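Number of protein chains: 2
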Amino acid sequence: MPIDFAATKARFHLPEGVIYLDGNSLGPMVKSAPDRMARVMQDEWAELLIRGWNKAGWMALPAAMGDRIARLIGAAPGTVVLGDTLSIKVYQALASALEMNPKRRVILSDTGNFPSDLYMAEGLCRTLGGQYRLKTVAPEEVMAAIDETVAVVMLTEVDYRTGRRHDMADITKRAHEMGALTVWDLAHSAGAIPVDLTAAKADFAVGCTYKYLNSGPGGPAFIYVAPRHADVARPALSGWLGHESPFAFDLTYRPGAGIERMRVGTPPILQMAALDAALDVWDGIDLREVHAQSLRLQDQFIKGIETRAPMLHLATPRSHLMRGSQVSFRHPEGYAIMQALIAEGVIGDFRAPDILRFGFTPLYIDEDDVARAVSVLAKIMDYGSWDKPEFKTRARVT
Amino acid sequence: MPIDFAATKARFHLPEGVIYLDGNSLGPMVKSAPDRMARVMQDEWAELLIRGWNKAGWMALPAAMGDRIARLIGAAPGTVVLGDTLSIKVYQALASALEMNPKRRVILSDTGNFPSDLYMAEGLCRTLGGQYRLKTVAPEEVMAAIDETVAVVMLTEVDYRTGRRHDMADITKRAHEMGALTVWDLAHSAGAIPVDLTAAKADFAVGCTYKYLNSGPGGPAFIYVAPRHADVARPALSGWLGHESPFAFDLTYRPGAGIERMRVGTPPILQMAALDAALDVWDGIDLREVHAQSLRLQDQFIKGIETRAPMLHLATPRSHLMRGSQVSFRHPEGYAIMQALIAEGVIGDFRAPDILRFGFTPLYIDEDDVARAVSVLAKIMDYGSWDKPEFKTRARVT
Chain H
141 MPIDFAATKA RFHLPEGVIY LDGNSLGPMV KSAPDRMARV MQDEWAELLI
191 RGWNKAGWMA LPAAMGDRIA RLIGAAPGTV VLGDTLSIKV YQALASALEM
241 NPKRRVILSD TGNFPSDLYM AEGLCRTLGG QYRLKTVAPE EVMAAIDETV
291 AVVMLTEVDY RTGRRHDMAD ITKRAHEMGA LTVWDLAHSA GAIPVDLTAA
341 KADFAVGCTY KYLNSGPGGP AFIYVAPRHA DVARPALSGW LGHESPFAFD
391 LTYRPGAGIE RMRVGTPPIL QMAALDAALD VWDGIDLREV HAQSLRLQDQ
441 FIKGIETRAP MLHLATPRSH LMRGSQVSFR HPEGYAIMQA LIAEGVIGDF
491 RAPDILRFGF TPLYIDEDDV ARAVSVLAKI MDYGSWDKPE FKTRARVT
Chain Y
141 MPIDFAATKA RFHLPEGVIY LDGNSLGPMV KSAPDRMARV MQDEWAELLI
191 RGWNKAGWMA LPAAMGDRIA RLIGAAPGTV VLGDTLSIKV YQALASALEM
241 NPKRRVILSD TGNFPSDLYM AEGLCRTLGG QYRLKTVAPE EVMAAIDETV
291 AVVMLTEVDY RTGRRHDMAD ITKRAHEMGA LTVWDLAHSA GAIPVDLTAA
341 KADFAVGCTY KYLNSGPGGP AFIYVAPRHA DVARPALSGW LGHESPFAFD
391 LTYRPGAGIE RMRVGTPPIL QMAALDAALD VWDGIDLREV HAQSLRLQDQ
441 FIKGIETRAP MLHLATPRSH LMRGSQVSFR HPEGYAIMQA LIAEGVIGDF
491 RAPDILRFGF TPLYIDEDDV ARAVSVLAKI MDYGSWDKPE FKTRARVT
């Protein structure tokens, strides 16, 4: 049965007069989230108190939520666990992968990776000692750069700036042929495009839930470890909830079974309440259909902008195969243009130095929204109405 | 003005018929928390969407919450930041401290430290390479074990099992004399006892908010770095929000100013909403008075139990100077006894192998509660009513 996008849209709270093309940065709230949260706070935390860990199933939530997300990224049940932030999960995955490939010293990534992934890799290399090195190349040079010095290929599947999509299966295959492992960051993939970690034979994957999975600001991250590695990988961040027997309170660490060892500390139960409500929307939803509809919306937007605002230059690949769920345009005055656009109720975001970024999330964005966004942006460009001091002053977060 | 404990008690939701002596594990909910959460979800997340990071001040929350907590632990404004879990913060503090003491290779801790701290240290030593070592001694042997091989002394101020309290100022002084740095875990201190990190000249401190600070299950942790170290310490977990300029999206890491560099990833805004509501209770509260009242309640409990249930053996030091905010008794059948007690509505917890643990939190526990808890426990011991199969089956979390 095809997705009823009008019905999914009705499940989200969208502010009056706003067209929200920034779900790739922070997803909107599902209408059921406040009630879910209130119930968890009142019926579980306030009434059960410490007993909530057992009686309300809190202790099992990171794995239970992991299973709900697993379906959306082509992972088997029991291979994904929630917790921490994406940066922390990158560190865990990377440290485990490096330890599994002990004769090599190079982490290969690309300049389109989200900077925090690169920073975490840099920090890990420092901690591991001088012999480790992070090497970054341009996105289109990744394949050629995978050689027998590379221990781990660490990439974000969809580029946060341009929306350019790597071929996960191809790159993973090449990495394996060269004796390297892979760490895939699915920040702009999970809930946006069909992902099949199993088919791609990915080794590790990480992702966040507050973008396309709509878990709310600061929602927990997730980590996937391929079943063939799950009992071998050593989590560098060896916290008590990843211990084989956390409540034995042993003085030495023994990693838990499989993916459980990737847990670290006490999980954020309240953030997970919002996530749980948000994931209900995904029941029965096929990501292939979501992505196909996203591509239609993207094409509508690209065509509209290129026709009516040709001074904006497309930064996203034209090929559907190389696209995620966002479209980016470049303009030297991108920051001011985006501020003017937001002032008109069309919310995208700006990424330095010159990128205007727009996310197309069919669960709550439709053709009419896209048509209106095109009109508003074209009008701003026509009248040059971005060229005002109030749009040019940069706030800390954009 | 002395604290009106009846008034503070009225601010908490406490379930009907329950005496809650486990606030040292998970604090109860303040009555204002659900409304605060609903407002943050509806007025900020749902209405502002991505704009919440600026307009609702989300980006500044980790430092703002840090300042609220700083007052409770004797830290100056701008020296504490929120985020992640306690285990992660232990790793950060420890890695920074080791790097600042580069000629030494030993982390000294004690067997009364919370196991996750030891596990994180173990994981860090593995990552740093074979030359680093975690050495643990008995709590009473710590002072003597601080020698010129020790790089970092890492201790939890109040022992999670026995409630035994270290002398932070003395140990820190000794550590500094021997050229070592200190990492203090305040999990059972913050909101429980007067802490003065500044006066003690502590180097690093970490703590959690879901115990005595009542932020709810999985609330974020905090980290303190002494101002003299804050611009020197290198966070091993170098995430983008600790970058000098996160939204420049540079490809290489440059640590942010002072405590900001200890931030890692996107902060948990919803958990922080609950924390913010919970911290309101602390306005104008003097920890010295809270602790003095806690000691009175503890003494009442100890006297009652030793009189009426002498088969339970006190595991907590008798000296007020060596006590935190909890009292523990040992009994070989501790697990079953605690289950029987919980079944009667008196909630403490059990810690393997034989510890019955009770927290005395004057903000919501009073003399009548303690008297009733003593009666119920004494009666259970008198009648041996813990000796039933249903109390002996261990659940995963206790």
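Chains H and Y supply the protein sequences, listed in that same order.
Position one of the first sequence corresponds to residue 141 (our numbering), numbered consecutively onward.
Position one of the second sequence corresponds to residue 141 (our numbering), numbered consecutively onward.
C-beta atoms are modelled at their ideal positions from N, C-alpha and C, and glycine is treated no differently.
Treat the numbers as computed from the prediction; the structure is a model and nothing was measured.
(message) Cβ closer than 8 Å: which chain Y residues qualify as neighbours of G356(H)?
(response) Close to G356(H), with beta-carbon spacing below 8 Å, are these residues of chain Y in chain order: M181, W185, I409 and L410.
(message) Only counting the same chain, and skipping five residues up and downstream in sequence, which positions put a Cβ closer than 6 Å to that of I247(H)?
(response) The answer, listed in chain order, is A261, L274, V292 and M294.
(request) Count the CB pairs spanning the region 221-228 of chain H and the region 311-323 of chain H that are closer than 8 Å, and state whether there are at least three. (result) Counting C-beta pairs with one atom in each stretch, the region 221-228 of chain H and the region 311-323 of chain H have fewer than three that are closer than 8 Å, which means they do not touch.
(request) Taking T456(H) and T276(H) to be in contact with their CB atoms under 8 Å, please state how far apart those CB atoms are, rounded to whole angstroms. (result) Actually they are not in contact, since the Cβ atoms of T456(H) and T276(H) sit about 21 Å apart, beyond 8 Å.
(request) Use the C-beta contact count for W526(Y): other C-beta atoms within 10 angstroms, 16 or more gives buried, fewer gives exposed. (result) The residue in question, W526(Y), is buried, as its Cβ has 16 or more Cβ neighbours within 10 Å.
(request) State the beta-bridge partners of V346(H) as determined by DSSP. (result) Note: V346(H) sits in a beta bridge opposite D325(H) and I363(H).
(request) Leaving out five residues on either side along the sequence, give the residues of the same chain with a beta carbon under 8 Å from the beta carbon of A476(Y). (result) For A476(Y), same chain residues with a beta-carbon under 8 Å away, outside a window of 5 residues either side, are W526, D527, K528, F531 and K532 in chain order.
(message) Check this for me: beta carbons of T267(Y) and T267(H), under 7 Å apart or not?
(response) In this structure, the beta-carbon distance from T267(Y) to T267(H) falls below 7 Å.
(message) Three Cβ pairs or more, each shorter than 8 Å: is that satisfied between the region 180-187 of chain H and the region 478-493 of chain H?
(response) As far as the Cβ criterion goes, the region 180-187 of chain H does not touch the region 478-493 of chain H, which means the pair count is below three.
(request) Starting from the Cα of F254(Y), find the closest Cα among S355(Y), L201(Y), W324(Y) and A215(Y) and give me that residue. (result) That would be W324(Y), whose Cα lies nearest to the Cα of F254(Y).
(request) Output the distance between the C-alpha atoms of K149(Y) and Y352(Y), rounded to the nearest integer angstrom. (result) Across the structure, K149(Y) and Y352(Y) are spaced so that their CA atoms are roughly 14 Å apart.
(request) Spell out the partners DSSP gives Q271(H) in its beta bridges. (result) DSSP lists no partner for Q271(H).
(request) Give a yes or no on whether the minimum CB-CB distance between G303(Y) and chain H is below 7 Å. (result) Any Cβ of chain H closer than 7 Å to the Cβ of G303(Y) would place that residue at the interface, and such an atom is absent.
(message) Any C-beta of chain H within less than 8 Å: which residues of the region 387-401 of chain Y qualify?
(response) Flagged, chain order: F387, A388, F389, D390, L391, T392 and Y393.
(message) Suppose the cutoff is 7 Å on Cβ atoms and the five residues either side in sequence are ignored; what does the same chain contact list for G396(H) look like?
(response) If we look at G396(H) and ignore the five residues flanking it on each side, its Cβ neighbours are G382, H383 and E384.
(request) From the DSSP output, read off the bridge partner residues of L496(Y). (result) Answer is F469(Y) and F490(Y).
(message) Quick check: the region 405-418 of chain Y against the region 163-179 of chain Y, are at least 3 beta-carbon pairs closer than 8 Å?
(response) Yes: the two stretches touch, three or more of their Cβ pairs being nearer than 8 Å.
(message) Measuring alpha carbon to alpha carbon, tell me which residue in P472(H), R470(H), D489(H) and H471(H) is nearest Q479(H).
(response) Looking at the Cα atoms, D489(H) is the closest of the given residues.
(message) Can you pull the chain H neighbours of E262(Y), defined as C-beta to C-beta under 8 Å?
(response) In chain order: S378, T392 and Y393.
(message) Taking 7 Å as the threshold (C-beta atoms), are L452(Y) and H600(Y) in contact?
(response) Since the first residue of chain Y shown is 141 and the last is 538, residue 600(Y) is not available in this structure.
(request) Would you kindly check if the distance between the Cβ of I209(Y) and the Cβ of A513(Y) is under 7 Å? (result) Not in contact: A513(Y) and I209(Y) (Cβ atoms no closer than 7 Å).
(request) Kindly indicate which three-state DSSP category F152(H) falls into: helix, strand or coil? (result) DSSP places F152(H) in strand when its eight states are reduced to three.
(message) Please tell me whether T322(H) and A309(H) are closer than 7 Å, where the distance is taken between their beta carbons.
(response) 7 Å or more divides the Cβ of T322(H) from the Cβ of A309(H).
(request) Return the residue from the list S249(Y), Q232(Y), L496(Y) and R458(Y) that minimises the CA-CA distance to R374(Y). (result) The shortest Cα separation from R374(Y) among S249(Y), Q232(Y), L496(Y) and R458(Y) belongs to Q232(Y).
(request) Under 8 Å Cβ to Cβ from R394(H), same chain only, skipping five residues before and after it: list those, please. (result) The answer, listed in chain order, is H383, E384 and S385.
(request) Using only the heavy atoms of the ligand FMN, determine whether one of them is closer than 6 Å to the beta carbon of T312(Y). (result) This structure lacks the ligand FMN; in fact it carries no ligand of any kind.
(request) To the nearest angstrom, report how far apart P142(H) and H306(H) are at their CA atoms. (result) Approximately 27 Å between the Cα atoms of the pair.
(message) Which complete beta strand (DSSP E) runs does the region 185-255 of chain H hold, if anything under 3 residues is left out?
(response) The DSSP assignment places complete beta strand (DSSP E) segments of no fewer than 3 residues inside the region 185-255 of chain H at 220-222 and 246-250, in order along the chain.
(message) Suppose you measure from the CA of Q271(H) to the CA of D390(H); what does that come to, to the nearest Å?
(response) So the two alpha carbons sit approximately 34 Å from each other.
(message) Taking a contact to mean a Cβ-Cβ separation below 7 Å, would you say F441(Y) touches S465(Y) in this structure?
(response) Cβ distance not < 7 Å, so F441(Y) and S465(Y) don't count as in contact.
(request) Give the secondary structure of L295(Y) by DSSP, where H, G and I count as helix, E and B as strand, and everything else as coil. (result) Here L295(Y) sits in strand by DSSP.
(request) Buried or exposed for D287(Y), please, with buried defined as at least 16 other CB atoms from any protein chain shown within 10 angstroms of its CB. (result) Counting Cβ neighbours within 10 Å, D287(Y) comes out exposed, since fewer than 16 surround it.
(message) By DSSP's criteria, V180(Y) is part of a beta bridge. Which residues make up the other side?
(response) Per DSSP, none; premise fails for V180(Y).
(request) For V486(Y), return the contacting residues in chain H, with the cut-off set at a CB-CB distance below 7 Å. (result) Result: empty, since nearest Cβ-Cβ is about 12 Å, beyond 7 Å.
(request) Please state whether DSSP places I103(H) in a helix, a strand or coil. (result) The structure shown does not extend to residue 103(H), since chain H is modelled only from 141 to 538, so the question has no answer here.
(message) Please identify, using Cβ separations under 8 Å, the residues of the region 475-502 of chain Y that lie next to chain H, in order along the chain.
(response) Answer set for the region 475-502 of chain Y: I482, I487, D489, R491 and A492.
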